[in-house]
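Each remark here refers to the structure printed beneath this line.
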Ligand SMILES: [Ca+2]
Ligand SMILES: [Ca+2]
Ligand SMILES: [Ca+2]
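Residue numbers (my numbering): 1347 to 1645.
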């Protein structure tokens, strides 16, 4: 709950008020002791579940990302953006103006479109590339964990940056040494009837991933479901863990470990509210960037 408390405190007396100092009784503007000290730039990485039920997020991001880029650059110039797409494996997108670093809404929009059309629409895993096999993904859980590990360790975070990850997914994850392609959990990935098995090992544990994120001083903000989907909305394959486990790691403990946003001084938002339109993605992201900027992570 520390993360939520921090967010509420910041909402009440946020960075803008702090930076402007205080106005004393005589009306002069007296800088607070730390005024002007923070010169952090903003590095914001999207870690997105591109499986079929998540295409609405890609659509909304394509529509709204220009607002996010503008707001971030208004807060402080030269914002950097990254994108990691995942299903049963992941890819660190390298179509930005500086390879894995995007600096414009246009290149992000093009990337969101590509993932939706080439990967989401074909159940193709991002790490397999555009000619990889289709009709993959034999169990519902998705590999957010290895994607988050890559965000922590592979994205070129700048030393002087406020570091934020936005992860969007509607399911929980597996840990090493499980395998996302092993639909029946028998340790083999050799079944070829639908949904076809494939070799998609989970490479990291939750402990390794959280440690990497904390070491990199990355806040994780998740957009995930708070409640189970109706039968009609459910992932059409089997799953490793019960439906009740879809919140594990985001808003409920994962095998006893506190959720990832809570362990990284972030927060979770309700993905269903994004889907229904009652929570605006760009507005929410812009606010959490403001709240995070120059606000040291409390671990
Ligand atoms: Ca899915
Ligand atoms: Ca899956
Ligand atoms: Ca198997």
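Just so it is clear, CB atoms sit at the ideal spot from N, CA and C, and this is done for glycine as well.
Residue 1403 sits in a helix when the DSSP states are folded into three classes. In the three-state reduction of the DSSP assignment, residue 1568 falls in the strand class. Residue 1588 counts as exposed, since fewer than 16 other beta carbons sit within 10 angstroms of its beta carbon.
Under DSSP, residue 1427 takes part in a beta bridge, and its partners are 1390 and 1448.
Annotation: the continuous alpha helix (DSSP H) that includes residue 1497 extends over 1490–1500. Going by C-alpha positions, residue 1463 is about 19 Å away from residue 1516.
Secondary structure note for residue 1509: its beta strand (DSSP E) is the uninterrupted segment 1507–1514. For residue 1473, the CB contacts under 6 Å within the same chain, skipping 5 residues up- and downstream, are 1435, 1436 and 1437 in chain order. Within the region 1596–1622, the complete alpha helix (DSSP H) segments of 4 residues or longer fall at 1606–1609 and 1617–1622, listed in chain order. Secondary structure at residue 1442: strand, using DSSP grouped into helix, strand and coil. According to DSSP, residue pairing for residue 1594 in a beta bridge involves 1598. Between residue 1611 and residue 1559, the beta carbon gap of about 10 Å keeps them out of contact (Cβ cut-off 8 Å).
Non-local C-beta neighbours of residue 1417 in its own chain, meaning closer than 6 Å and more than five positions away in sequence, comprise 1632, ordered along the chain. Here DSSP, grouped into helix, strand and coil, assigns residue 1547 to strand. About 10 Å separates the CB atoms of residue 1429 and residue 1404; that is not less than 8 Å, and the two are not in contact. For residue 1632, the enclosing alpha helix (DSSP H) starts and ends at 1627–1638. For the pair of segments examined, the region 1555–1570 was found to touch the region 1493–1513: the number of CB pairs separated by less than 8 Å reaches three. Residue 1395 is bridged by DSSP to 1432.
Secondary structure at residue 1473: helix, using DSSP grouped into helix, strand and coil.
A distance below 9 Å separates the beta carbons of residue 1585 and residue 1487. Per DSSP, reduced to three states, the secondary structure at residue 1437 is strand. Here the region 1475–1487 lies against the region 1524–1539, with 3 or more beta-carbon pairs under 8 Å apart. Cβ neighbours of residue 1458 within its own chain (closer than 6 Å, five residues either side excluded): 1404, 1407 and 1408.
Straight-line measurement puts the Cα of residue 1596 at about 29 Å from the Cα of residue 1534.
Ligand 2 has a heavy atom closer than 8 Å to the beta-carbon of residue 1485. Annotation for residue 1558: the continuous alpha helix (DSSP H) segment containing it runs 1552–1561.
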